Structures are given as C-alpha cells and as structure tokens.
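Just so we're aligned, residue -19 is where the sequence shown starts under my numbering, counting upward by one.
All C-beta atoms, glycine included, are put in the ideal place defined by N, C-alpha and C.
Predicted model, so just to flag it, every value in this text is computed and none were measured.
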Amino acid sequence: MARRIDVRALIKSRFVHELPLVVAGCAVAALAIDMFMVPQGLAAGGVTGLATIIAELTRRSGFELPVGMQTIVMNAVLLLAAVRAGGMRYAAQTVVGFVLLGFFTDLFAPFVSPLASGDLMLCALWGGILSGVGYGLVFRCGANTGGSDTVAQIVSRKTSLPVGTTVMAIDVAVCAASAPVFSLENALYAALSMVLMGFVVDMVVDGAERRRAAYIISESHDEIAYDIMHGLDRGVTELSARGLWSGRERPMLMVILGRREVSALKTIVAEHDPDAIMFISDVTEAIGEGFKDFER
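Here you go:
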C-alpha cells in the first residue's frame, strides 16, 4: 500500500516556513545557469549539464528545447524510480526544488543577457559561485533539486557503490560528454565550475553550523571536564576507553564546540595535562540541546 503525504505535518514543517528561501535559492541558481553556464556551453554536471548538451544538439538541428523544461521532465522520471529512498516528504520537497529551478531557468532565459561573453574562466568562476549559493540555500532548507543525487540513489540501491562516489562519477561523465559537443576547453572549465560550486554549497549549508568534536584522554580528566563545562560553557560526555597496549581503562572526554573555541580548549588541556592525548575532527552539523533544533 502506497504511503500518503501527511499534509498537516508538511504544512507545519520547517520546510514550508522556509519556502521563500527555497524560491530565492532556485532563482539565484537559475540566473547563474542563464547568465554564465548555458550561453558559454558549460555543462557542469548533473541533469542541468545534460540538458545543456541536449539543448545545444537540438539547436544545431534547427529547433529549441528549453533547458528548464528538460530538467523538469528528466527529474520527474528519475524521481518516480527513487521515491522509495526518502519517503513522500522527501519526494514533495524534491519536486518543489526541481520544478522551481526549471521554471525560473526558462522564465529568465529570454530576458537575461549573458555576462562575460567569451571569457570562459570568468563564466566558470561566477557561474560556480552563484550556482553554489543558490543550491546551498535550497539544500539548507531541506529541499532538493534532484539531478545527480536522484540518479545516485537509484544506482546505490542496485549496487554497493556509495551515493557520494556515484554523484561525482555522474557529474564527471556529464562534463566529459560535453567535450565533443562544445570543446575540451569548455569541459575543463565546466569541471572547474562544478568543483567550485560544490565548495560554495558546503559553505552555505554547513558554514555557520560547522563544529568541531574533540576527544581527550587524560589522567586529569575531571579537572579538564570541569573547566570545559564552567569555562567554555560546553557539555562534556565521558566515554569508557581502554588502551590495548597497556590494558588500562580510563575515561575519554568528548565535547562538541565551535571553531573559535578550539584554541581555548587546547589551552585548558595543556594547563592540566601536557601529556594528554587529544584529537579533533570536523562535525558537519550539530543538532539537539545547546545547538540547533531538529527540523520538523
């Protein structure tokens, strides 16, 4: 039996409250596509890149096939195959994303003048930056624009390939496929734009939320934990750890904190135990008490 969309839950969700931001993100990404990407033949991966290639081939055949309309049709077909991966709410959010992006892409195309015409470097850089900002705003609100992610979910379900690796492989394949249609130079600049776009997306989505997770093994764990809780005003979790070489059991402290607090944490640990072991890793997102709320 097919699952139904919980309309009440969807209306109350954070996604609906942030829908204007999703619209703005799709509009910014569409402007980047129309101003920098499509006019210069930069197929920077994904469904939009594939649509750019097809649009050029059909133009040479004497008729126009709008990029936005292509992305909507292709994403709709792909979503039907992948809808089970994320449930009906995921499907609804994805539909909103790719329909808005396709709509704005075709809406702006007749009115937007290509910028930096002939300068592939400038177009690749600004196309990647603006696209990254637009997509980042969409992803930050929990929406999606379909494309490579949807294809990757289908492939990952049928094989053992990770989704991230599959997305990268698909995007690289689209860039490579654009070389015979446009040129090798265009394909290389499209790849540069794709890499820059991914970096900007990560900055927009995770930039303000990115944290550090610190793990500390020390004989002075009580004193260090006290200073972290009362000096940095951060919660500390005590984990049980055992050294396999020594066979000794001792606590390991775990604390999640902001990037600017790492230096203060190092000072606290060094003051109490210069021989302590501490390792720090990136945390893409921290949710819960003391951090951001769960999305509903």
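| Check | Outcome |
| --- | --- |
| If you run the structure through DSSP and keep just helix, strand and coil, what is Pro231? | strand |
| Do the stretch 142 to 162 and the stretch 0 to 10 touch if we need at least three Cβ pairs shorter than 8 Å? | no |
| So which of Arg228, Ala149 and Tyr115 has the shortest CA-CA distance to Glu199? | Arg228 |
| Is Ser220 helix, strand or coil when you go by DSSP? | strand |
| State buried or exposed for Met174, treating a residue as buried only when at least 16 other CB atoms are found within 10 Å of its CB. | buried |
| The beta strand (DSSP E) with Ile255 in it runs from where to where? | Correcting the residue type first, residue 255 is Asp in the shown sequence and not Ile. Careful: Asp255 lies outside any beta strand (DSSP E) and carries neither H nor E. |
| Apart from the five residues just before and just after Met(-19), which ones in its own chain have a Cβ nearer than 8 Å to its Cβ? | With a pLDDT of 44 at Met(-19), under the threshold of 50, the modelled position of this residue cannot be trusted, and the question is left open. |
| Using only alpha-carbon positions, find the residue among Ala31, Ala266 and Leu81 that is nearest to Val185. | Ala266 |
| Does the beta-carbon of Val57 have 16 or more other beta-carbons within 10 angstroms, so that it is buried, or is it exposed? | exposed |
| With burial defined as no fewer than 16 other Cβ atoms inside 10 Å of the residue's Cβ, what is the status of Ala71: buried or exposed? | buried |
| Helix, strand or coil, according to DSSP, for Ala266 in the structure here? | coil |
| Kindly provide the ranges of any alpha helix (DSSP H) runs that are 4 or more residues long and lie completely inside the stretch 146 to 220, ordered along the chain. | 164 to 186 and 201 to 207 |
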